[in-house]
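Participant: A single structure is presented below for examination.
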Amino acid sequence: MEKYFDVAYIVTSIPLLLPYIEITFWITVIAAFWGTILGLLFAVAKLSPYQVLQKIAAAYTTALRCTPSIVLLFMSYYGIPLVLSIFNISLDAVDKSVFVLIAFSLQFSNNMCEAFRTAYEAVDPGQMEAAYTIGLTQLQAYWHIVFPQALVVALPNIENALISLIKEGALAYTIGLIDLTGKANLIIAGNYNSHALEVYLSLAFIYWMISLGVQKVFYRIAHIFSKGKRLLLS
Amino acid sequence: MLRIKNVHKSFGKNEVLKGIDLSIDKGDVVVILGASGSGKTTLLRCINFLEKADQGKASFGEVDLDLHQAGKKEIQSVRKKLGFVFQNYNLFHNKTALENVTLGLTVGRKMPREMAEEIGRKALNKVGLSDRYDYYPQQLSGGQQQRVGIARAVALNPDIILFDEPTSALDPELIGEVLGVMKKIAREGTTMLVVTHEMSFAQDVANRVIFMDQGVIVEEGSPREIFSNPKEERTKQFLRRILPEYTYTI
Amino acid sequence: MLDYEFLLDDFFIALSGVPITLLVTLISLGVSIPVGFIFAIFRLDKSRFWNKIIGVYVSFVRGTPMIVQIFIVYSSIPVLLKSFFVLLQWDTDIYKLNPIWYAFIVFSLNSIAILSEIFRSALIAVHREQLEAAYSVGLSTFQAYREIIIPQLLVVAMPNLCNATTNLIKATSLGYAMSLQEITLRAKVAANANYNYVEAYIAIFLVYLLLCSLVEYGFKHYEKKLRFYKFGTA
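Chains as they are written, first to last, in my numbering: chain A, 1157 to 1390; chain B, 911 to 1160; chain C, 5 to 238.
What follows is the structure, encoded as structure tokens:
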């Protein structure tokens, strides 16, 4: 009789899954890149003195904060081709990963926007004033004083945003992208749906290790950048 | 050296400065006294453009400008002639003591690093911190931080240094070391405009004392005139409150 | 273009999933608030063993995708229950179990980890001195927690609790993987007939926007009240 649970499957599926880290990695990196740029723009808009920009940015972040990733993903997957079809642009040839990237760039940008905004607001305005009094220009003051200090405050939030980007990225399988999770589901289908639990456990293990790795990297970065700042953080 | 005329500033409906005139000559040590809320700090901040005055003229040496409408370039050039010492120090948290002192030189004035560091070390030595070059602000006591703040202003060799209640945030036992440093640089001929509640500093060091109340200058004169023989009733009241021993004038 | 009539219909179909979504959310919070709190206290007391065990659990939950956690629970619970029932010689068909029970389990397990971290950081923020002060006026540990620690802790933790709640509501959209009849699944199934997916996801988006905005508003309102009563300042 077949066993319900077989540890051997956990071990054997790991090498089958590992190559697909590459897909997950690139999705994360590209979405993080565009998300950071967008997030910075919206943070600047939120902090700007212009009411219109503030309102637009606030609406953007509220909408994204309230949207489950999977809903955003499908809105991107079904919605963008529909909108572009009005202009007679066909996206049939476009790879699925593009829609995944768009959805997760938006999602990431929202988290980054909040990270940037709170970090900027955490820096004492007196720091800027002091920089002015010693003859620095606004740009110099931002570059030498405000940014380095804000970065330290923002790091934990950036770390959280990145880990959640990696985790939410697992949903890309729902539109047929073969990343880590997509491959796991393929392996299970290949087993005629038996031993799903074992495969999912190894999948979870891989994600877990990636998250711990990211945490470790951020711990190092925080250590490098937090010179003279430890008391400020506590 | 510095003349300001008719400075007005309101925050909402609250009129904080109601037409202030002030002039400072080279080598002057001018102390501004007054109760809190009298507008002393705001005046200092307007002179350095940390607040934009609603109205007012200023001349620094040969340069005339409008405190309300000055452009970025003008503001920048004025700030290079002024040093500023903050009540809560405002040292840069991410820079060491020496970097705090040299940043204005290396970045603001594009001075080579070695030259700037030499000046910075001299300034820190002057305020008695020759053993604290590489300390971050959080590793220093309040008194030490404020002395770095003073060194930061001194290092830029400004025409005038503005002090905004430099000892108000300090524990009583730390006030002495900061006042000592201020006296020292005053004796070296530094021109200073000081807002403070330390009467001893005003009496010992200032050559002119200004008393402000409710946004106007009530009275000004030598320390002897103001402390021993004030003419205005408001000044007398203030001194009576601040100095209980005031009635026994010498 | 868009089929507005269907959009409207589907909006109400999506709305009809709100009770299930809220039920899962409330049950999960109901379980995880007390358990998470107890976990948080365990972790404060540095008693090595429990601290480690709970730490690993929290790290796993935070380091792996929600969808993978769902896969794991969904494929392990039947196996566990089956052997359990066979042992007891019960004749119950576990595959007819209402998926909502799986949802309760998955989302409770997840929220326990999230909330224990929130409570832990809040406890660190108010704990030691307030506890000592409470002892000094003769309160027992239990009284100290009830009268002093917990009220203050709630104020500190409230913004994070609000985040956790909206995240939980959004996460229930993954209930589709367990055939949970919540907002997303209902609206999507209705769209299957005519491939009106764009309309469906717009409807779903609107419902979540409404739901999360209401929850956020509720929390903000409560937080204000709490601050006012507990500390006398707004």
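A virtual CB, placed ideally from N, CA and C, is assigned to each residue, including glycine.
Taking only the alpha-carbon atoms, compute the straight-line gap between M1231 (chain A) and L1262 (chain A) and give it to the nearest angstrom.
Facilitator: Position 75 of the first sequence, counted from the first residue, corresponds to residue 1231 (chain A). Position 106 of the first sequence, counted from the first residue, corresponds to residue 1262 (chain A). Straight-line Cα distance between these residues: approximately 12 Å.
Participant: When the Cα atoms are used, what is the spatial distance from G993 (chain B) to D1069 (chain B)?
Facilitator: For this step, residue 993 (chain B) is matched to residue 83 along the second sequence. For this step, residue 1069 (chain B) is matched to residue 159 along the second sequence. Computed Cα separation, rounded: 8 Å.
Participant: Could one say the Cβ of L1292 (chain A) lies closer than 8 Å to chain B's Cβ atoms, at least one of them?
Facilitator: Taking the first residue of the first sequence as position 1, residue 1292 (chain A) is located at position 136. Yes, L1292 (chain A) lies at the interface with chain B (some Cβ there is under 8 Å from its Cβ).
Participant: Find out if the Cβ-Cβ distance for the pair K967 (chain B), N916 (chain B) is shorter than 8 Å.
Facilitator: Numbered from 1 along the second sequence, position 57 holds the residue referred to as residue 967 (chain B). Numbered from 1 along the second sequence, position 6 holds the residue referred to as residue 916 (chain B). A contact, by the Cβ cut-off of 8 Å.
Participant: Checking contacts by CB at 8 Å: is L1389 (chain A) closer than that to chain B?
Facilitator: Reading the first sequence from its first residue, position 233 is the one you call residue 1389 (chain A). Confidence in L1389 (chain A) is poor, its pLDDT being 43 and thus under 50, which makes the residue's placement unreliable; the coordinate value appears in the next sentence. L1389 (chain A) does not count as touching chain B.
Participant: Can we say the region 46-58 of chain C touches the region 85-96 of chain C, given the rule of at least three CB pairs closer than 8 Å?
Facilitator: Not touching, per the Cβ criterion.
Participant: Buried or exposed for P69 (chain C), please, with buried defined as at least 16 other CB atoms from any protein chain shown within 10 angstroms of its CB.
Facilitator: By 1-based counting over the third sequence, the position of residue 69 (chain C) is 65. Per the 10 Å Cβ criterion, buried.
Participant: Per DSSP, what kind of secondary structure is R1144 (chain B) in: helix, strand or coil?
Facilitator: Within the second sequence, numbered from 1, the residue matching residue 1144 (chain B) stands at position 234. Helix.
Participant: For L157 (chain C), which of C:Y139, C:L135, C:L127, C:I173 has the nearest alpha-carbon?
Facilitator: Looking up residue 157 (chain C) in the third sequence gives position 153. Answer by Cα proximity: C:L127.
Participant: For R1019 (chain B) and G1291 (chain A), which I take to be in contact (beta-carbon distance under 8 Å), what is that distance rounded to the nearest angstrom?
Facilitator: To locate residue 1019 (chain B), count along the second sequence from 1; it is residue 109. To locate residue 1291 (chain A), count along the first sequence from 1; it is residue 135. 7 Å between Cβ atoms; contact.
Participant: Does any residue of chain B bring its CB to less than 8 Å from the CB of Y1298 (chain A)?
Facilitator: As a first step, residue 1298 (chain A) must be located in the first sequence, where it is residue number 142. No, no contact with chain B.
Participant: Residues of chain A with CB closer than 8 Å to the CB of N916 (chain B), please, in chain order.
Facilitator: Translated into the one-based positions of the second sequence, residue 916 (chain B) becomes position 6. Under the 8 Å cutoff, chain A gives no residues; its nearest Cβ is about 24 Å from N916 (chain B).
Participant: Give me the subset of the region 985-1003 of chain B whose CB atoms are less than 8 Å from a CB atom of chain A, sorted by chain position.
Facilitator: Within the region 985-1003 of chain B, the residues whose Cβ lies closer than 8 Å to some Cβ of chain A are Q986, R989, K990, L992, G993, F994, F996, N998, N1000, L1001, F1002, H1003, listed in chain order.
Participant: Please list, in chain order, the chain B residues whose beta carbon lies closer than 7 Å to that of G1282 (chain A).
Facilitator: For the purposes of this step, residue 1282 (chain A) is taken as residue 126 along the first sequence, with counting starting at 1. Within 7 Å Cβ-Cβ: F996, N998, N1000.
Participant: If you measure from the beta carbon of F1189 (chain A) to each beta carbon in chain C, is any gap under 8 Å?
Facilitator: The residue given as residue 1189 (chain A) occupies position 33 in the first sequence. So no, F1189 (chain A) is outside the interface.
Participant: Is there at least one Cβ from chain A nearer than 8 Å to Y1158 (chain B)'s Cβ?
Facilitator: To locate residue 1158 (chain B), count along the second sequence from 1; it is residue 248. A caution first: Y1158 (chain B) carries a pLDDT of 47, below 50, which makes its placement in the model unreliable, though a value can still be read off. With 8 Å as the cut-off, Y1158 (chain B) does not count as an interface residue toward chain A.
Participant: Give a yes or no on whether the minimum CB-CB distance between G1125 (chain B) and chain A is below 8 Å.
Facilitator: For the purposes of this step, residue 1125 (chain B) is taken as the residue at position 215 of the second sequence. False, the Cβ-Cβ gap to chain A never drops below 8 Å.
Participant: Against chain C, which members of the region 1231-1258 of chain A pass a CB distance test of less than 8 Å?
Facilitator: From the region 1231-1258 of chain A, only M1231, Y1234, G1235, L1238, I1242 have a Cβ closer than 8 Å to chain C.
Participant: Quick one, are the C-beta atoms of L1336 (chain A) and T1180 (chain A) less than 8 Å apart?
Facilitator: Walking along the first sequence from the start, residue 1336 (chain A) turns up at place 180. Walking along the first sequence from the start, residue 1180 (chain A) turns up at place 24. Against a cut-off of 8 Å, the Cβ pair of T1180 (chain A) and L1336 (chain A) comes out as a contact.
Participant: What three-state label does DSSP hand S36 (chain C) in the structure shown?
Facilitator: Counted from its first residue, the third sequence places residue 36 (chain C) at position 32. Three-state result, S36 (chain C): helix.
Participant: State the Cα-Cα distance for the pair N102 (chain C) and K192 (chain C), rounded to the nearest angstrom.
Facilitator: For this step, residue 102 (chain C) is matched to residue 98 along the third sequence. For this step, residue 192 (chain C) is matched to residue 188 along the third sequence. Looking at the two C-alpha atoms, the distance is approximately 20 Å.
Participant: Roughly how many angstroms separate the alpha carbons of K1202 (chain A) and A1215 (chain A), rounded to a whole number?
Facilitator: One-based indexing of the first sequence puts residue 1202 (chain A) at position 46. One-based indexing of the first sequence puts residue 1215 (chain A) at position 59. Looking at the two C-alpha atoms, the distance is approximately 10 Å.
Participant: Tell me which residues of the region 947-965 of chain B have at least one Cβ-Cβ distance to chain A shorter than 7 Å, keeping chain order.
Facilitator: Residues N958, L960.
Participant: Are the beta-carbon atoms belonging to R1031 (chain B) and L1013 (chain B) less than 8 Å from one another?
Facilitator: As a working note, residue 1031 (chain B) is residue 121 in the second sequence. As a working note, residue 1013 (chain B) is residue 103 in the second sequence. No, Cβ-Cβ distance for R1031 (chain B) and L1013 (chain B) is not below 8 Å.
Participant: Considering only their Cβ atoms, is the gap separating V1370 (chain A) from L1327 (chain A) smaller than 8 Å?
Facilitator: Locating residue 1327 (chain A) in the first sequence gives position 171, where the first residue counts as 1. Locating residue 1370 (chain A) in the first sequence gives position 214, where the first residue counts as 1. For L1327 (chain A) and V1370 (chain A), no; Cβs fall outside 8 Å.
Participant: Among B:R1150, B:L912, B:L1072, which one has its Cα closest to the Cα of F996 (chain B)?
Facilitator: In the second sequence, counting from the first residue as 1, residue 996 (chain B) sits at position 86. Ranking the options by Cα distance to F996 (chain B), first place goes to B:L1072.
Participant: According to DSSP, is G1125 (chain B) part of a helix, a strand, or is it coil?
Facilitator: In the second sequence, residue 1125 (chain B) corresponds to position 215, counting from 1. Three-state DSSP puts G1125 (chain B) in coil, outside helix and strand.
Participant: Residues in its own chain within less than 7 Å of S36 (chain C) by CB, not counting five upstream and five downstream?
Facilitator: As a working note, residue 36 (chain C) is residue 32 in the third sequence. For S36 (chain C), where only same-chain residues beyond five positions count, the Cβ hits under 7 Å are S112, S115, I116, L119.
Participant: DSSP state of Q965 (chain B), grouped into three classes?
Facilitator: Numbered from 1 along the second sequence, position 55 holds the residue referred to as residue 965 (chain B). Looking at Q965 (chain B) - three-state DSSP - the assignment turns out to be strand.
Participant: Hey, is E1277 (chain A)'s beta-carbon within less than 8 Å of any beta-carbon in chain B?
Facilitator: Working through the first sequence from its first residue, we reach residue 1277 (chain A) at position 121. Chain B contact via Cβ: absent.
Participant: By DSSP, does R1151 (chain B) sit in helix, in strand, or in coil?
Facilitator: As a working note, residue 1151 (chain B) is residue 241 in the second sequence. In the structure shown, R1151 (chain B) sits in a helix (DSSP, three-state: H, G or I).
Participant: Taking just the CA atoms, how far does F921 (chain B) sit from F1115 (chain A)?
Facilitator: The structure shown does not extend to residue 1115 (chain A), since chain A is modelled only from 1157 through 1390, so no value can be given for it.
Participant: Using a beta-carbon distance cut-off of less than 7 Å, what residues from the region 1355-1381 of chain A approach chain C?
Facilitator: Cβ contacts with chain C: Y1356, L1357, L1359, A1360, Y1363, W1364, S1367, L1368.
Participant: Excluding the 5 residues preceding and the 5 following E1142 (chain B) in the sequence, name in chain order all residues of the same chain whose CB lies nearer than 8 Å to its CB.
Facilitator: Translated into the one-based positions of the second sequence, residue 1142 (chain B) becomes position 232. F1121, V1128, E1129, listed in sequence order.
Participant: Cβ of E1158 (chain A) less than 8 Å from any chain C Cβ?
Facilitator: Here the question's residue 1158 (chain A) lines up with position 2 in the first sequence. With a pLDDT of 47 at E1158 (chain A), under the threshold of 50, the modelled position of this residue cannot be trusted; read the value that follows with caution. Chain C, which has no Cβ nearer than 8 Å to the Cβ of E1158 (chain A), makes this no.
Participant: Roughly how many angstroms separate the alpha carbons of M1025 (chain B) and K982 (chain B), rounded to a whole number?
Facilitator: In the second sequence, the residue the question calls residue 1025 (chain B) occupies position 115. In the second sequence, the residue the question calls residue 982 (chain B) occupies position 72. Their Cα atoms are separated by approximately 28 Å.
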